[in-house]
Structure formats: structure tokens, C-alpha cells
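Worksheet for the structure shown next.
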Amino acid sequence: MAATLSFGGLMNFGEKSSSNSADNWQDANTALAELDKGLRSSKTGEQCEAIVRFPSLFEKYPFPILINTALLKLADVFRVGSNFLRLCILKVTQQSEKHLDKILNVDEFLKRIYSVIYSNDPVARAITVRVLGSIACIVSERKNVHHSIRSSLDSHDEVELEAAIFATDRFCSHSREFASGLYNKIAQLIEGLSTPVEMKLKLIPIFRHMHFDLQLTAKVHELCSSLLISHPACRFVVVTLHTLSCLAVSSIIDIPKQLELLLKYMAQDPRKVVKNHALDDLKMLAKGAPHMWKASHTEALCDFILSSCYDNLTFAALRILRTLSRSEAVTGLLNNDKVLEICQKESNSCNLAVAALTSELLVNIAVSAIKNDNKNDDLCEQAAMALETSTVVCCVSGQLEPLKVCLLSMNNLVDSYPQAGSSLMESLASLLPSSSGAVALALCRTMVTMATQMPHVVAPLRNEIVSHFAKVVVGADDNSQESKDLVVGMATLIFQSYQGVSQDEEGRLKLDDMILEQLERLVTSSRYWTIFRVGKQATRQGFHSLAAKIFETLSSKVASEHFYFWLNALKFFCEAESLLKGECDSQLALSKQISDAGAKYQKGITTLKASVQSSNHQLSFQCTYASLRAEMFQAHSRLLASCATVKSCPPPAIATAVAMATGQDVQRLSHFAAQMTECSKLFRCLGEKYGQLYRSSFNADPVSLQNIEALQQSCLMISHSIDVLMKTSQPSSSLGEQGSSVNKSSTFRRSPLSLACTEILQTVEELAIQLEGLPVCHLQTECLIRASMTLLKVPFIFPKHFFSSQQATFIKLALSPSPRSPSEPISVTLDTQFVLKVEGVIERGQKLGLYRDVQSVCLSVTWRAEDRKQQPIDGKTSRDHVTSLEQTVVPHHDYFSAQFLLQFSTQSIYHVTVSSSVIDSSGILWNTGPQNTLQVKTTDSASRKQRTSRS
């Protein structure tokens, strides 16, 4: 292990910080100036190179002013340039369609493009018509454009005619008037004998957009039905049927009629191509309107499957049933005997794709029955047996895609029917040693998922997993990514198999040494990255002592000091958590463990801040999460110290007399009561901080958010327990609400911390009822000590978002007006209102909306005066004026803008802060947006006039 560790994915988790708005505008203007210089070049190659860079410029800086200026420049080039440059501009308009509505001067843009329509060159006219079709979203109601497209449909030039058909299709999808007025024209062309067959096949799909009124839809349906009779050729039938299906999905009312038509062609047409396309259209209708499927339609589809002799047709028909089984139409499948007959017959098919799909269909039906409180054990057992059989056959034959279908269905079944988990896990474990490559990796991942759902099913297979892990490490090679992933997966299975097993110090050391010894045998070039992934999984499964050893070993193998500090920070965190797993038989020993763990965390936090690479990756989530964990240790330490004062600091002598006079508890008048009140406030404040971290983690995965929520609820639960046991609140009200919220949460039903919280709440509730009316004594403090010990001894799990973030959604703000330099304020007179325009762009990663998506953006503007000693004008105070404004805007194609009017009351320098937060599709507010600031200097217009006149 002498090589250095250099891997790019080690720190791809940082939060981006927004850049300055002035820098945004300056960069955008610089880029636009460079492209404009290329457009003005006399060389066609340089012009083309500049044109093709415009789409990326629009994506990076999608501001209306820039897009309007750039497209007007392109329109000028289109008007006077060659056909080659016009083709390049056509590609730009097609690639930048979502930014076209940001053009401010649509008339001027269209005027420059439209001038080429009068050219004598049919190719130039064709390109122009295609450009008009590409910008149909902004010129869909222009009469002159409609006329030009209609005229181009009469062209004898094939290129121009195809361009006119393209533009007609685009305009019909946006303009109701154009679609209604062009129906007769298209019908005439289709029915005309002079129209070529290829052109007819391109004209028919235009009818799928004519769903704006019932009369027009009826005309289209009548015409297409006549075409099915008059043009029975295969291509005509396929195109016409698909057009009618798309029209039915859009208009909705014709879906039953279209289903009957498709089922008729599926059953009666002898051509396999027609049958295949009819089945594809049926699948589209099953996905778009499953509630409109009748029992007769399902019966006809089942009859076709039972009588079909071709596996590809059977597979296509089964996909329709699977789509129906995932929707509300599954109720009709439950009561259909033919569907169960199909499942029994096709689950043993020689075609593995058909068998796997049938097993998935059977699982969907069984799971739906369970969700509808109609559980059928025989059906569930049949589904489990079909899955097990299909999985074995797929593994033996090495068929990966059908295997993935079976494994996904297996997880779905086990989630609703846990009784089948043990047998299915044993089957997967028996198949794992004889599998390799992608098949073995798929099996391993399914076992990990199943063990996460039901941890007890993997414990009996511990010895087999450990022995196979050694074989997997030996078989790992350089050229196989699956083998490296399999090493990580098998290590995760080992961690899961040992979860919940009480081990002494010697047993934990043996397990750590065994895994480290096996990992050292890796010979792949990326072995250090694989070892890091194993260490990451160890932190997420609660094996912190092993993770600390791994991170300590890897810290000397990295090629960057940022990675070095990052690994050392992880080592300190894991060492702190491993200290809490030690045995403690007294309150003093527990306090010592908490103190040592807190000291380790402080070292880790300092080291973590040193690992920050740049201002764009601040590691804000990691630092905040670790700091809150350290604060939790301090809170528990203070709670234990406060509980000890009930014996060491008795109430003062005067407390008895005061208690008798006021009727209060003697302990309520002691120093102990004040300390416990402070502890309750401390835990409540810590819970609020966890809530703030939750609301700022927009890009976090759901499991990481559940982890934060569990930690928050544990803090609030301790705070509530202190209030109840110290008799500052009623156990019957807030305690019951807290317990009900815990029991209703799926998070608390599955995590070890949730089970501990539920147990503590029940204990506190019982003790509060038993000691109701009695003075505070050692019973309450002992209960709180046990609660603290229980929570701290729960294996701590670092969330996935602590190491990486798969979703990347950030907001970039630009303020107008912007200062010439960051240190120079903007001058505003007091007799005018300051107009602040806020523009923003939502930047997304490769996986769009993986966990949640932005529905709207909430913008908040606050301002305050720097010098508050000056007297306000007209005797008004600063409280007479609004100092904050809010506005919620809906982004359009990842762009949003808002304007604010700011009123200033005094001559001073004001600090204006613009902050943003996002609202997702569920209506949840996330405080994750950036903050931009600027300075505004206010002056009095009268004093300015006096100075001007004197000068």
C-alpha cells in the first residue's frame, strides 16, 4: 500500500455558494461579446463555431436581456447569411426552445427571420419554415406565419413541403385556430391522389393535436376510420392507429372506443407488426387512463395471451397487465380468474423475460390485495415461489435483465409480506457463491435491501457471508467494476448480520481485524477507493471502531491535504462514537465517556473545517451536523451533572417555610429545579437547531432527512420528559401527543433510535402517572439517567448525505442595479423609492428532481441602516417604515424574477439583504437558498441642490 490515494469522488458533497451578481453579469457580457465577435467574422467557420456555442450560453446565463440580445444578433445573421449558417441557427432555436419565451422583442425577431420567406431559394424558404415551426411557442397566433405555412404546403419542392409539414405539426400543437382552420387542407392532401404516400404518412400524425373541440375530434376520428378501410397497408394502419390513440389520450372521451378498436386489430389482424403496435398503444392507454378499462377489455386481453403462440406478443400483452396492476385498475384484476390462470401458466415459461414479468404481475396483485385489507396467504406464497423459481433460472442462465425484474419484485413482496423474507434470503444466499459479475452484484444488493427492511433475516447466514466475502476479495480484479462493488456489498452484509449482536471488546476486535486483513489482500488499482467505501458503509451501519482504523490508514495515502484533513476528521468522529460503545456501570463512567467523545468531536470539527477546498464547497452540512452532535454530548453531560445535584445540593433551609406558605414542592425551590429547567431549554433549543438543519437540506435523500428528524425528536423527547418528571407540564397532554407522533412516523418504526425513543416515552408516562401528586425524588432523576444512557448507547449512524449528495439543486441570484464595485454603495435620494430587481436561475445536476423538485421560490428582502444615531426626517422613526418584504414567484424553465420597492427614511448607508428559499411540490418550505447583499447610500435631495448651487 505504497501508492497514493487520488480519487475525485472523495469530496463531491460540498454545498455551492452563490457568486456575486455583478460577477454573473460581467461574465455573461464577456461571453456574449466573444460570441458577437465570432459572428462578425468574415470566415464562415468562425461564425459557425460562435453560433453553436449559444445554447450553452443560454443554459449558463438564462437572463432575458442576454437571450433577447443574442437571438436578435442571430436573426440578423439568419437574414443575410448563407443557408449553412441558417441551418446552424435552426439547431440553436431547436436546442433553446425553453428560453424562447424570454425574447422581449418578438416582433423584431420575427421580422428579421420572416424576411427570408420571400426568397427565391426553396432551401432558404424551407429552413425559414422550420425555424418558424421551432419558435411556434411564441408566434403561434401570427396570421402571416399561418399563411406562409399554408402556402408552403402547396409547394412542389419536396424539401419545402417536408419543412411545412414539420411546422404544421408544431403550430397545431400550440394554436387551436390554426389546427381548426387547417383540417380541411390536410384532409384534402391525404385523400388526394397526387399526394405521395410518404407525405400522407407524415401528414396523418398531425391529427393527434386536433383535440381542442369535440366536433373537430369527431371529424378526425371519422376520417381516420375511413383511412383504416381505404388504406389497409401495414404502415397506414400502424400510423393511423397510433394517431387515434394519441388523440384519445388527449381528448379522453374516445378511450373506450379506441380500446375496442385496438383490441379488434390485436385479435383479428394477422400481421405481427400491427399486433405489436396495437399492444404498444394499449399500454399507452393503460398508463394514461387505467380507470376507463372495463372488465370486457381485460377479458379480451387475457384471451389473447392464453391463445398467443409468440413470446414477444405475450410479453407485450403482459406489460399491459403489469401497467394495470400498478394502478387503480388492479381491483378488476383481483377478481379475474383468467389473470390468475395466466400467472400460473406463464410463470413457468421457457422465456425468462415472460416468466419474470409474470412473477412481477403476480406480486403486484398480491401486494395490492394486502393493501386493500384482503390478504391472501396462498396468493403471496404462490408469488414467492414463482419469484424464487424465476430467480434461480435467471442466475443459472446468466440473464441479468429478467433477474433484476425478479429481484425488484422480491423487495416489493417482502416489504408487504415479511413472512416470505427468510426463505427468499436463504435462496439468494445459496445462489450467491455460484454467481459472478453483474449477477452476483444484483443478488448482493437485493440481500442488502432485504436486510435493511428486516435485519433479523440475515443473521442466520452470517458464517456463509463471511466465508464468501474472503472469496470475493480474492476474485476482485482491475477491469471489473462489479467485483469492486461486490466487495463493498458483501462487507455491508457482514455489518448487517452483526447488527443487534451483543459483542465484547474482544469480539469486536476480531471482527475488525478479520475485515481489515481481507481488505489488505485487494490488488486492484482502485483498492484504496474500495476500502474507503467499506469504511463509509461501516459508519452508516454503526461499526465506528473499524471505520476509524480504515480512515486512519487511508489518511497517509491521499495526494491532497484537503483529503487528509477530511479523512482525519472522519477518524476523530468514529473514535468518538466508538467510545460510547464501551461498557459503563455507573453514572460517572458514562459522564467520562461523554466527555471524551465530546473532546474527540471538537478535534474532528476543527480538522473538518481545515478540509474545506474552496469558497464554493463549504461543507456546511457536515460541519453543522457534527457540531450539533457535539452539542448533544454537552447537553447529555449537563443533564447527568444536574441529576447528581439532587443529592449534593439540597434545598435551602428557608425553602420548607416558603413551600408550606405557597403550597409548592420543596424541590421546586432548590438549585436542582433551576438546573433541570435549563437542561430542558437546552434540549429544546438543540431540537430546533436540528429542525433548521432539516429545512436547509433540500438536496438530502429521504433516509438522511429521517436520520435528522429522529435526532430532533430524541432531543425534544428528552426535553419533554424533563418537563413531565419535574412537574412543569402535564403528562396526559403533551406526552401523549409526543408518543402518538412517534408511533405514527414510519421513521421511528424502523430505526433503532426510534425504538429507544418509544421505550423511553412509555417508561416516562408510566412513572409520571405513578408519582403524580408526590414530590420530586431520586426516581425521576434515575429515569432521566437511564433515558440518557439508552439514547447514547444506540449505535449512531452517519447519514448518506454526510458523504455525498446525488441531487444537486442550487439557486443563483442576480440583483439589479448592481454596484460598480463590491465596496461602492448605490446612491439613492430620499424622495424616491429604490427599485430592486431580483433575477434568479435554478441550477440542477444530471439527476433532475431525484428526491424533490422546486415548485416556487420565496424571495425575502430586508434592509437596515448602518448609522442609527441620526434623527429621521419629519420626526418619523424607522419603525414607521417596512424593513422587510417577501414575494413568492414560480420559476419558468428554471428562471424567475421579481421586483421590490424599498423606501428609506433617513440619510444613511443601508445594508440590503436578499435571501431565497424554495417550496417543493409538497408545499414544504426549504431554507436552502443563497443570500446576496448590497449597500445603498441615501442622500437628501434638498441638501444636494444646495451643494450644487454653491459650487
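1 is the number of the first residue of the sequence shown in the UniProt record's numbering; add one for each residue after it. Note that the Cβ used here is the ideal one computed from N, Cα and C, for glycine as well.
Quiz item: Which residue's Cα is closest to the Cα of Ser697: Lys800, Leu716, Thr677?
Solution: Lys800
Exercise. Work out the CA separation of His211 and Ser250 for me, nearest whole Å.
Key: 7 Å
Exercise. Name the residue from Thr314, Asn348, Cys380 whose alpha carbon lies nearest to the alpha carbon of Leu334.
Key: Comparing Cα positions, the closest option is Cys380.
Practice problem: Take Leu262 as the anchor and find which of Ile253, Leu244, Ser368 has the nearest alpha-carbon. | Solution: Leu244
Quiz item: Starting from Asn932 and walking both ways along the beta strand (DSSP E), at which residues does that stretch end?
Solution: 931-939
Quiz prompt | Residue interval of the beta strand (DSSP E) (run including His156) | solution = No beta strand (DSSP E) holds His156; DSSP gives it neither H nor E.
Practice problem: Give the single residue among Phe672, Ala383, Gln419 whose Cα lies nearest to the Cα of Leu408. | Solution: The shortest C-alpha separation from Leu408 is found at Ala383.
Practice problem: Compute the Euclidean distance between the alpha carbons of Ser180 and Lys219, then round it to the nearest angstrom. | Solution: 11 Å
Quiz item: Can you list, in chain order, the residues of its chain whose CB lies under 7 Å from that of Thr933, leaving out five sequence neighbours each side?
Solution: Non-local C-beta neighbours of Thr933 in its own chain, meaning closer than 7 Å and more than five positions away in sequence, comprise His911, Val912, Thr913, ordered along the chain.
Quiz item: If you count every other CB in all the chains shown that lies within 10 Å of the CB of Thr938, and 16 or more means buried, which is it?
Solution: buried
Quiz item: Exposed or buried, which one is Val197 when buried takes at least 16 other CB atoms within 10 Å?
Solution: exposed
Quiz item: In chain order, which alpha helix (DSSP H) runs of at least 4 residues are fully inside the segment 315-370?
Solution: 330-334, 337-346
Quiz item: Between which two residues does the beta strand (DSSP E) containing Val405 stretch?
Solution: No beta strand (DSSP E) holds Val405; the alpha helix (DSSP H) holding it covers 400-416.
Quiz item: How many Å lie between Ser751 and Asn707 at the Cα?
Solution: 9 Å
Quiz item: Since Val159 contacts Ala126 with CB under 8 Å, what's their CB separation in whole angstroms?
Solution: 5 Å
Exercise. Round the Cβ separation of Ala356 and Val405 to the nearest angstrom and send it over; I've been treating them as touching at under 8 Å.
Key: 4 Å
Practice problem: Thinking Asn68 and Lys102 are a contact (beta carbons under 8 Å), I'd like their distance in whole angstroms, please. | Solution: Confirmed, about 7 Å.
Practice problem: Using the Cα positions of Ala295 and Ile320, report the straight-line distance between them to the nearest angstrom. | Solution: 14 Å
Exercise. Kindly indicate the opening and closing residues of the alpha helix (DSSP H) around Asp121.
Key: Where Asp121 is concerned, there is no enclosing alpha helix (DSSP H), given that its DSSP letter is neither H nor E.
Quiz item: Which residues in the same chain have their Cβ closer than 7 Å to the Cβ of Ala548, if we skip the five residues on either side of it in sequence?
Solution: Lys571, Cys574, Glu575, Ser578
Quiz item: Exposed or buried, Ala233, counting other C-beta atoms within 10 Å across all chains shown (16 or more means buried)?
Solution: Exposed.
Exercise. Tell me, please, which residues DSSP counts as bridged to Lys73.
Key: DSSP output for Lys73 lists no bridge partner at all.
Quiz item: Quick one: Cα of Leu669 to Cα of Ser721, how far?
Solution: In this prediction, Leu669 has a pLDDT of 46, which is less than 50 and means its spatial position is unreliable; nothing more can be read from the coordinates.
Self-check item: Distance between Tyr528 and Leu716 (C-alpha atoms, nearest Å)
Solution: 41 Å
Quiz item: For Pro822, does the count of other Cβ atoms within 10 angstroms reach 16, so buried, or fall short, so exposed?
Solution: The residue in question, Pro822, is exposed, as its Cβ has fewer than 16 Cβ neighbours within 10 Å.
Quiz item: Just checking my contact of Lys689 with Leu628 at CB under 8 Å: how many whole Å lie between their CB atoms?
Solution: 6 Å
Quiz item: Do Ala898 and Val838 have their C-beta atoms within less than 8 Å of each other?
Solution: Cβ atoms of Ala898 and Val838: closer than 8 Å.
Quiz prompt | Whole-Å CB distance - Gln807 paired with Leu771, under 8 Å assumed | solution = Between Leu771 and Gln807 the Cβ distance is about 49 Å, and since that is not below 8 Å, they are no contact.
Self-check item: Three-state secondary structure (DSSP) of Glu688
Solution: The answer is helix: DSSP assigns Glu688 an H, G or I state.
Self-check item: Test item: CB-CB of Leu815 and Val764 under 8 Å
Solution: no
Quiz item: Between Ala75 and Glu34, what straight-line distance do the alpha-carbon atoms span, to the nearest angstrom?
Solution: 17 Å
Self-check item: Where Asp920 falls: helix, strand or coil (DSSP)
Solution: Three-state DSSP puts Asp920 in a strand.
Quiz item: Applying the criterion that 16 or more other CB atoms from any shown protein chain within 10 Å of the CB defines a buried residue, is Leu403 buried or exposed?
Solution: buried
Self-check item: Ile229 Cβ short of 7 Å to the ligand FAD heavy atom set
Solution: No copy of the ligand FAD appears in this structure; indeed no ligand is present at all.
Exercise. Assign Ile252 to one of two classes, buried (16 or more other C-beta atoms within 10 Å of its C-beta) or exposed (fewer than that).
Key: exposed
Quiz item: From Thr30 to Glu843, what distance separates their C-alpha atoms?
Solution: Their backbone Cα atoms lie some 20 Å apart in a straight line.
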